[in-house]
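**Student:**
Number of protein chains: 2
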Amino acid sequence: MNALSNSLCNMPPASGRQIPEAAVVRLPLYLRILNDLIADNCTQISSEQLAALSGQNAAKVRKDLSYLGSYGTRGVGYDVSYLLYQIKRELGLNKAWPVVIVGAGNLGQALGNYGGLSNRGFVVAAVVDTDSSKVGSVVGGVKVAHVDELPQIVQSKSVSIGIIAVPAQHAQSAADLLIRAGVGSILNFAPVILNLPPEINVRIVDMALELQILSFYEQCRIDALEVAVVSAPESVIA
Amino acid sequence: MNALSNSLCNMPPASGRQIPEAAVVRLPLYLRILNDLIADNCTQISSEQLAALSGQNAAKVRKDLSYLGSYGTRGVGYDVSYLLYQIKRELGLNKAWPVVIVGAGNLGQALGNYGGLSNRGFVVAAVVDTDSSKVGSVVGGVKVAHVDELPQIVQSKSVSIGIIAVPAQHAQSAADLLIRAGVGSILNFAPVILNLPPEINVRIVDMALELQILSFYEQCRIDALEVAVVSAPESVIA
DNA sequence: ATTACTTAGTGCATTCATTCACGAAGTCCA
DNA sequence: TGGACTTCGTGAATGAATGCACTAAGTAAT
Chain A
15 MNALSNSLCN MPPASGRQIP EAAVVRLPLY LRILNDLIAD NCTQISSEQL AALSGQNAAK
75 VRKDLSYLGS YGTRGVGYDV SYLLYQIKRE LGLNKAWPVV IVGAGNLGQA LGNYGGLSNR
135 GFVVAAVVDT DSSKVGSVVG GVKVAHVDEL PQIVQSKSVS IGIIAVPAQH AQSAADLLIR
195 AGVGSILNFA PVILNLPPEI NVRIVDMALE LQILSFYEQC RIDALEVAVV SAPESVIA
Chain B
15 MNALSNSLCN MPPASGRQIP EAAVVRLPLY LRILNDLIAD NCTQISSEQL AALSGQNAAK
75 VRKDLSYLGS YGTRGVGYDV SYLLYQIKRE LGLNKAWPVV IVGAGNLGQA LGNYGGLSNR
135 GFVVAAVVDT DSSKVGSVVG GVKVAHVDEL PQIVQSKSVS IGIIAVPAQH AQSAADLLIR
195 AGVGSILNFA PVILNLPPEI NVRIVDMALE LQILSFYEQC RIDALEVAVV SAPESVIA
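So the sequence lines, in the order shown, correspond to chains A and B. Take any residue in the first sequence, count from 1 to its spot, add 14: that is its number in the numbering used here. Take any residue in the second sequence, count from 1 to its spot, add 14: that is its number in the numbering used here.
(1) Output, in sequence order along the chain, the residues in the segment 214-236 of chain A whose CB is closer than 7 angstroms to any CB in chain B.
(2) Pull up the distance between the alpha-carbon of A238 (chain A) and that of I52 (chain B), whole angstroms please.
(3) At a CB distance below 9 angstroms, what residues from the segment 108-127 of chain A approach chain B? Give them in sequence order.
(4) Where does Y92 (chain B) sit, in a helix, a strand or coil, going by DSSP?
(5) When DSSP labels each residue in this structure, what does Q183 (chain B) get in the three-state scheme?
(6) Are there three or more Cβ pairs, one per stretch, closer than 8 angstroms when the segment 33-53 of chain A is compared with the segment 224-239 of chain B?
(7) R224 (chain B) to P42 (chain A), Cα distance in whole Å?
(8) With 16 as the cutoff for other CB atoms within 10 Å, does V244 (chain A) come out buried or exposed?
(9) Just how far apart, CA to CA, sit I177 (chain B) and E240 (chain B)?
(10) Can you name the residues of chain A whose CB is closer than 9 angstroms to the CB of I207 (chain B)?
(11) Quick check on this structure: which residue in A:R194, A:L22, A:H184 has the alpha carbon closest to the alpha carbon of G69 (chain B)?
(12) For R194 (chain A), return the contacting residues in chain B, with the cut-off set at a CB-CB distance below 7 angstroms.
(13) State the start and end residues of the unbroken beta strand (DSSP E) segment that holds K157 (chain B).
(14) Classify P27 (chain B): buried if its beta carbon has 16 or more other beta carbons within 10 angstroms, exposed otherwise.
(15) Leaving out five residues on either side along the sequence, give the residues of the same chain with a beta carbon under 7 angstroms from the beta carbon of T144 (chain B).
(16) Less than 9 angstroms separating the beta-carbons of A139 (chain A) and V116 (chain A)?
(17) In chain A, which residues lie less than 7 angstroms from S172 (chain B) when you measure between Cβ atoms?
(18) Could you tell me whether any Cβ in chain A is nearer than 9 angstroms to the Cβ of L6 (chain B)?
(19) Answer with yes or no whether the minimum CB distance from G198 (chain A) to chain B is below 9 angstroms.
(20) Is the beta carbon of L201 (chain A) sitting closer than 9 angstroms to the one on R217 (chain A)?
(21) In the DSSP output, what is T57 (chain A) paired with across the bridge?
(22) Please tell me whether R76 (chain B) has its Cβ less than 9 angstroms away from any Cβ of chain A.
(23) Going by beta-carbon coordinates alone, are Q58 (chain B) and V94 (chain B) separated by less than 9 angstroms?
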C-alpha cells in the first residue's frame, strides 16, 4: 500500500496543466528528497535512485516528472537543483504561502510552533481563536487574534489556505468562517467530514483514522497467524 | 480528489480477507460517522445517507460494506449499531490497541494528550525519549520512559503499533528501535521516508506535504484565473 | 394477496493508475 | 569516429477503483 495519498479529499478535477491527482501527491515527496540531496551536495540523480529514495517504481518517477516537462538528460539523469526548481514552480512554492490557523489549543499551538512549515514554503500569517482568554498570547511567533478578525486578516494578508485545529464540534463553523473570509483551501485536523462547496480544496489529517488503518493490517496479521497455528497440526497429521 | 487515502504507504497486499486498500481506508471514516449517528439515537441508515455524510458515492459505500459481509436489509438500510460492530470487528477495534509514542517533544506531548485516541480504540502504553531531562515527566497520563526501556515495554505491554514523533534526522533510528523491539506497524510523523522491511506497515502524516498539495491546487486556480483575464479581452474583440 | 416503493448487493463498463518494455538521446572511452 | 553503455521519455499492457444500472429482497398499504 501507498501510505501517502489521503484518499478522502475533495479536489477539483485538476484544472490547469492536467497532472493526475496521484502524481500531484507524490511531487512534494520528491521535493523533500531533492532538498535533502542538495544539502548533501548531490547534483545529479537518476530516476532509479529517486525511486529507491521515495519507495516508488522508477518508471512511475519518470512518468510523474514527465508531467512537468522534459527536464532529464538521457544517459545522465536529472539535475537536482533544476528539478527542484521545476517541482517548486509546479507546486506554486516559489513564494511563501501565508496560512491561518484556526484554534489556539494544544494542536493549534503545536502546529504554530512547528518549524517544518517555514522551510517548506509556508508562513503562519495568523492564529485565531474564539476564546478571548487565549487572544493575545503568542503562538508560532504571532499573537493570537480573535476569530472576528479573520475576514480582515485573510483579506489584508492574502491568505488562501486555512488550517482547522479546533475540536470536532466546532470544525464546520470554523470552515464556514474561513470560506466566508475568502480562503480557498482547507487543511482539516478535526475528525469530521466538512460540508463545503465543491470548489474548495480540502485535505484531511486524522491520526486516529491512520491508526485504525494500521490496526486493520495488524489484525490481518494476527488472523493469518491464527490460521497458520490451526492448520499446522492438520498438515502434520496429513 | 479523495482527501483520505495516504498514497505513500507501504502496506502488505492485504493478506487475510481480501479487502481492497482503497476500501480499507474508508472504513474508519464510516466508523466515525456511525459513532456520531449512535450519539444522535439514529438506528437505521441507508447507503445513500451514509454516502452523503461521508462525501462518497452510494454504490461505493455499498460495495465497501459488502466486503465485510451482507449486513444490510434491502428496502431498509443498515442497522447502525450492528454495522458499527462489524466494522469495528473488521478493523480489529474490539480491543484497545496499546501504542507507544517515541519522542516527548512538542509533537509527542500533543499526541499523548490528544483525547481522540482513547475513544477510538487506542491507549498510550508509553511515551519514550532519549533526552533524560524529559524522562519522568508526565505526558498523556503516563510517565515518559527512557528509550532504552522500549524493548521491555513493547514486550510486556504487547505493543504492536509505534508512533514516531521525533525530528526527521532521528526518525530512521527510532523506527529501527521500534522494529527491533517487536512493533509491526508505524505511524510516522517525521518528514522522511523510512527504510523498513516490507512486512512492516507504515502510514505517513506530514502536514507540510499536505499543505504543498493544497498549494498546487491553489496555484492551478490562480493560473486558471490569469488565463481567463488574458483571454477575456480577446473574446471581446472577437 | 397484490401492487407500489425502497434499498442492498453486484456484474459490467469505464476511468484512473501502475508497470513494462522499448526506442531515443545522451555519455564515455578506446 | 564508433561502439558499448546508461538513462530518459513514453506507448501499450495490465491492474485497481469507481460508478452505473440492474436484480433481488425486503416494507407498507390497500
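In this text, a Cβ means the ideal position worked out from N, Cα and C, and glycines have one as well. Fair warning: this is a prediction, and the values are worked out from it, not measured in the lab.
**Tutor:** With the structure as the only source:
(1) N215, V216, R217, I218, V219, M221, A222, L223, E224, L225, Q226, I227, L228, S229, F230, Y231, E232, Q233, C234, R235
(2) Here the question's residue 238 (chain A) lines up with position 224 in the first sequence. Here the question's residue 52 (chain B) lines up with position 38 in the second sequence. If I take the Cα positions, the gap works out to 32 angstroms.
(3) W111, V113, N120, L121, Q123, A124, L125, N127
(4) One-based indexing of the second sequence puts residue 92 (chain B) at position 78. If DSSP states are grouped into helix, strand and coil, Y92 (chain B) belongs with the strands.
(5) Numbered from its first residue, the second sequence carries residue 183 (chain B) at position 169. Three-state DSSP puts Q183 (chain B) in a helix.
(6) yes
(7) Start at 1 with the first residue of the second sequence, and residue 224 (chain B) comes out as number 210. Start at 1 with the first residue of the first sequence, and residue 42 (chain A) comes out as number 28. Sequence check: residue 224 (chain B) is Glu here, not Arg. Rounded to whole angstroms, E224 (chain B) and P42 (chain A) show a C-alpha spacing of 8 angstroms.
(8) Residue numbering aside, residue 244 (chain A) sits at position 230 when the first sequence is read from its first letter. Exposed, by the Cβ-count rule.
(9) In the second sequence, the residue the question calls residue 177 (chain B) occupies position 163. In the second sequence, the residue the question calls residue 240 (chain B) occupies position 226. Straight-line Cα distance between these residues: approximately 43 angstroms.
(10) Mapped onto the second sequence, residue 207 (chain B) falls at position 193. Chain A residues near I207 (chain B): L43, R46, I47, L67, S68, G69.
(11) On the second sequence, residue 69 (chain B) is found 55 positions in, with the first residue counted as 1. The option with the nearest alpha carbon to G69 (chain B) is A:L22.
(12) Within the first sequence, numbered from 1, the residue matching residue 194 (chain A) stands at position 180. None at all; the shortest Cβ gap to chain B is about 18 angstroms.
(13) Counting from one through the second sequence, the residue named residue 157 (chain B) turns up at place 143. 156-160 is the extent of the beta strand (DSSP E) around K157 (chain B).
(14) Taking the second sequence and counting its residues from 1, one reaches residue 27 (chain B) at position 13. Only weak support is given to the placement of P27 (chain B): the predicted model assigns it a pLDDT of 48, under 50, and the value that follows is read from those uncertain coordinates. P27 (chain B) comes out exposed.
(15) The residue given as residue 144 (chain B) occupies position 130 in the second sequence. V161, listed in sequence order.
(16) Here residue 139 (chain A) corresponds to residue number 125 of the first sequence, with the count starting at 1. Here residue 116 (chain A) corresponds to residue number 102 of the first sequence, with the count starting at 1. For A139 (chain A) and V116 (chain A), no; Cβs fall outside 9 angstroms.
(17) In the second sequence, the residue the question calls residue 172 (chain B) occupies position 158. In chain order: nothing, as chain A lies at least about 11 angstroms away.
(18) With chain B covering only 15 through 252, there is no way to say anything about residue 6 (chain B).
(19) In the first sequence, the residue the question calls residue 198 (chain A) occupies position 184. Yes, contact with chain B.
(20) Start at 1 with the first residue of the first sequence, and residue 201 (chain A) comes out as number 187. Start at 1 with the first residue of the first sequence, and residue 217 (chain A) comes out as number 203. Closer than 9 angstroms, so yes.
(21) Indexing the first sequence from 1 puts residue 57 (chain A) at position 43. Note: T57 (chain A) sits in no beta bridge, so no partner.
(22) One-based indexing of the second sequence puts residue 76 (chain B) at position 62. By this cut-off, R76 (chain B) is not an interface position.
(23) Sequence index remark: in the second sequence, residue 58 (chain B) carries index 44 (1-based). Sequence index remark: in the second sequence, residue 94 (chain B) carries index 80 (1-based). Yes, the pair counts as a contact, with Cβ atoms nearer than the cut-off.
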